[in-house]
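Before any comments, here is the structure.
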Amino acid sequence: MRLLGGTWRTNSIVVKLMIAFVLVILPLYGSSIVITHNSSKQMQTEVENAHDSKLHFYHNHLQFELDRMSSLVNEFSFDEPMSTLSTRAPIMSRYEIISSLNEIHKKLSQIMVTSPYISDVVYYVPALHKRVSAVDGIRSVEDGEWKDLLATMGNLNGELSTSADDLYFLKSNPYNMNHEEPPNFILGIRLSADELKKRLQQLSETGGSDITLSFGDEHEVVISSSEQAVSTGLIQMLPTESQDALQVTRYHSDDHLYYSLYDSDHSFTLTSSIAEEVLQAPLERYKLWLWMLTVMSMVIIVIFSLSVYKSIHKPLAALVKGFRMAEQGQPDIRIPHSRRDEFGYLYSRFNHMIERLHLLIEENYVARIRTSEAELKHLQSQIQPHFLYNSLFSIKQMAEVENVELIQEFTDYLGQYFRYMSRDSHTEVSLGEEVDHAMVYASIQKIRFGSRVQLFIEDMDPMYRSIAIPRVIVQPIVENVFEHALAKRSEGGILKLSYQTAEGSLSILIEDDGDQLTDKMLVQLVQSIGEPAQRQEDEEITGLINVNQRLKIKFGSGYGLAARRSDLGGLCIVVNVPWKGELPHAADANR
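Here the numbering used here = 1-based position in the sequence shown + 52.
Here it is as structure tokens:
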């Protein structure tokens, strides 16, 4: 698209493409999103409401039945024949006792028929060793039977109890915490697990879900509408007391959704589970619509693609071909054209760009080579006249005392130093050669300063020596140590050189114990190394920046110099270079 004088041209390819894109995308994806969103949201809402209503309905029904059974137990526990039989038995005849038991049996039968959830009503008289059951009638019992039943009273954290996998409403008179001491009587209503399960099955027939009823805070008794009950692990995860009253809680586990409702009065939990595949069934018809919409979309996209191919792809392919030829370095690339749209403008600008690009590459390449060579020349020219003068003066002093061996050692070092600094045939050397040269310089200064300076040089691992680095990298840093940290020391001067390795890099640490470095000077030095573009007048900082820039040009921005305070108290300069699998081959400076 060409923008001339702030107006859009009507034949703009971008305008055509935008219009076509809107026409294709908005109707297709807008319709699909609306349909899918509305249908899934409506289905989810209906399912949740249905499960909420189902759980609330059964909860209300079950709560009503349990409250009624609880009332019956409490009411008949005060019935005179039941409550006084134990105390009247010693003065009653056998006939009177049997008549009372028969009368109690009739009352138990009347209680039993009041609710379909009652499977039996039992009445124990420990003093007579008798048990009256609405189902089994009257029989004699041992003490162990009523003791076992009495021991379970309230074990479900409420009025309900569980004994031998059966649920009971139990009432004893008098109530006694000591279960070994016999009460006057025990009255209990046993709930029908089969009837509870049958009711759950009837409730779960609609909606394709399973319903589980569990009693107790620890879910000791579990009744499910299906043979595959909700897993015990999931039931143990369901909260009880922490839930709000009559609040349905939703969970998602594996491939099922769970809806849970807790009743704190009778300590039971209703849990409804439904498979996700059942939930997805109502969406099948929407999938059919989406498939039809997809087919229509594919037809439209094919037509749209043909249009794009003709108006955009073919001219764009010519431009891509031109760029690939440019990548191969062909200087005479031209794209002939007669177009008047955006591609016509791109073709003409491409032709002009190629001409300028080759010219700028050539100029930049030459300039960079000259800059790198000039930096090295500048470092080589930093052989200060006073260093040469001091070296000659040191030789004169040694000659006056006729120290021939020291003169020989000193001049040998001096010759190695100048031979290395004046050698121009190579811009790269191995790390071993560079460190050896820096140690030659340090040895010259050690002879000059004598016992005022101590050198602590860690031996270099042979695997490091072949690392290729730019020339004159380590020696300028060592020179700064002597010039700015050790030259004015009357004693105790220390120069330390050591190595550290990290993943993919090698660090050369050059430290001193100089006492002239202030925190302000250290901050300025760190900032100068981190921001080399700022002009620096300080000779020391300028030399370090020069070394840092050359390392970054060679290895990249992740390497170079870093400055910090040394553990010795002075300055620590860290030279970071790549190592272990990321190194260029070391240059052979001797060939």
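Where a beta carbon is used, it is the ideal one built from N, C-alpha and C, also for glycine. None of the values given here were measured: they were computed from a predicted structure.
Going by the CB atoms, is the gap between residue j and residue i shorter than 7 angstroms?
| i | j | result |
| --- | --- | --- |
| Q552 | S559 | yes |
| D262 | S278 | yes |
| V575 | I525 | no |
| L124 | V177 | no |
| A186 | S213 | no |
| L118 | H318 | yes |
| A141 | L202 | no |
| L322 | H108 | no |
| I529 | I625 | yes |
| R517 | L483 | yes |
| V492 | Q468 | yes |
| H489 | Q449 | no |
| L613 | S349 | no |
| L309 | I326 | yes |
| D511 | V533 | no |
| V505 | K498 | yes |
| Y611 | L603 | yes |
| H157 | V193 | no |
On the CB-based measure, 16 or more other CB atoms within 10 Å of its CB, does residue i come out buried or exposed?
| i | result |
| --- | --- |
| A537 | buried |
| E452 | exposed |
| E233 | exposed |
| A520 | buried |
| L75 | exposed |
| S145 | exposed |
| N154 | exposed |
| F116 | exposed |
| N628 | buried |
| R302 | exposed |
| P522 | buried |
| A554 | exposed |
| F445 | exposed |
| H103 | buried |
| G374 | buried |
| Y361 | exposed |
| Y147 | exposed |
| R392 | exposed |
| R251 | buried |
| G206 | exposed |
| P630 | buried |
| M164 | buried |
| A494 | buried |
| L219 | buried |
| V347 | exposed |
| V174 | buried |
Name the one or two DSSP bridge partners that residue i has.
| i | result |
| --- | --- |
| D488 | None, per the DSSP bridge assignment. |
| E480 | P522 |
| N628 | S559 and G612 |
| D464 | Answer is none; D464 lacks a bridge partner. |
| V274 | S266 |
| S215 | D218 |
| W304 | With the sequence shown as reference, residue 304 is identified as His, and Trp is not the correct amino acid for it. DSSP output for H304 lists L309 as bridge partner(s). |
| L570 | Looking at the sequence itself, residue 570 is Thr, so the reference to Leu does not match. According to DSSP, which records beta bridges pairwise, T570 is partnered with nothing at all. |
| G545 | V505 |
| S83 | BP columns for S83 are empty, so no partner. |
| A554 | S557 |
Using a Cβ-Cβ cutoff of less than 6 angstroms, which residues in the same chain neighbour residue i once the five nearest sequence positions on both sides are dropped?
| i | result |
| --- | --- |
| G566 | A537 and G622 |
| F395 | P367 |
| Y399 | I387 and H389 |
| G285 | Bear in mind that the predicted position of G285 carries a pLDDT of just 48, short of 50, making it too unreliable to give a figure here. |
| K249 | I275 |
| G82 | none |
| Y472 | H489 |
| Q223 | At residue 223 the sequence reads Lys, which differs from the Gln that was named. Counting only Cβ-Cβ distances below 6 angstroms, and skipping sequence neighbours, we find V125, S129 and L239. |
Between residue i and the rest of its own chain, which residues show a CB-CB distance below 7 angstroms, the 5 nearest in sequence each way excluded?
| i | result |
| --- | --- |
| F221 | M121, S122, V125, E211, L212, G240 and I241 |
| N225 | S129, S135, P235, N236 and F237 |
| A281 | In this prediction, A281 has a pLDDT of 47, which is less than 50 and means its spatial position is unreliable; nothing more can be read from the coordinates. |
| M377 | I385 |
Starting from the C-beta of residue i, find all residues in its chain whose C-beta is less than 8 angstroms away, skip the five residues before and the five after it, and write them out in chain order.
| i | result |
| --- | --- |
| S84 | L342 and L345 |
| K159 | F128, D131, P133 and M134 |
Worksheet item: Can you give, in chain order, each stretch of the beta strand (DSSP E) that sits fully within the stretch 162 to 206 and has at least 3 residues?
Response: Listed in chain order, they are 170 to 177, 182 to 185 and 189 to 192.
Discussion item. Quick check for students: name the residue ranges of the alpha helix (DSSP H) that lie wholly in the stretch 222 to 267, counting only runs of 4 or more.
Written reply: Here the runs fully enclosed are 245 to 256.
Worksheet entry | beta strand (DSSP E) runs contained entirely in the stretch 310 to 379, provided each spans 3 or more residues | Runs of the beta strand (DSSP E) inside the stretch 310 to 379: 320 to 327.
Worksheet item: Along the chain, which unbroken stretches of the beta strand (DSSP E) at least 3 residues long are found entirely within the stretch 73 to 144?
Response: Residue ranges of uninterrupted beta strand (DSSP E) with 3 or more members are absent from the stretch 73 to 144; none lies entirely inside it.
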